[in-house]
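J.: Under our numbering, the very last position in the sequence shown is 96; numbers go up by exactly one each time.
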Amino acid sequence: MYKSVYVKTHECYAKGIDCNEFYFSNVDIEDEANFLTLYDRDGTLAFKCRVTDIERFAKMQD
């Protein structure tokens, strides 16, 4: 089921990205093997992060 979610990581690990807060809409959520993975409706990887690197995670009400 597709949801809108908010993810805040402890710090940013990607070069060129200054923000550690992310909003996604209409994504499919997978939580397995200590990773949170989000996919767009077309199956494209939208976000992947270790669960231990996440400070806050919230599913938004649509």
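Cβ coordinates follow ideal geometry from the N, Cα and C atoms, glycine included.
In this text the structure is predicted, and so the values were computed from the model without any measurement.
Buried or exposed for residue 32, going by 16 or more other Cβ atoms inside 10 Å?
T.: No information on residue 32 is available, as it lies outside the stretch 35 to 96 that the chain covers here.
J.: Below 8 Å on the Cβ atoms is my contact criterion, and I expect residue 94 with residue 39 to pass it. Report the Cβ-Cβ distance as a whole number of Å.
T.: 6 Å
J.: Taking the alpha-carbon of residue 98 as reference, which of 61, 37, 55 and 52 has the nearest alpha-carbon?
T.: Lying outside 35 to 96, the shown extent of the chain, residue 98 is not represented and no answer is given.
J.: Do you know offhand how far residue 45's Cα is from residue 67's?
T.: 21 Å
J.: Take the Cβ of residue 72 as the centre, count every other Cβ of all protein chains shown within 10 Å, and call the residue buried at 16 or more, exposed below.
T.: buried
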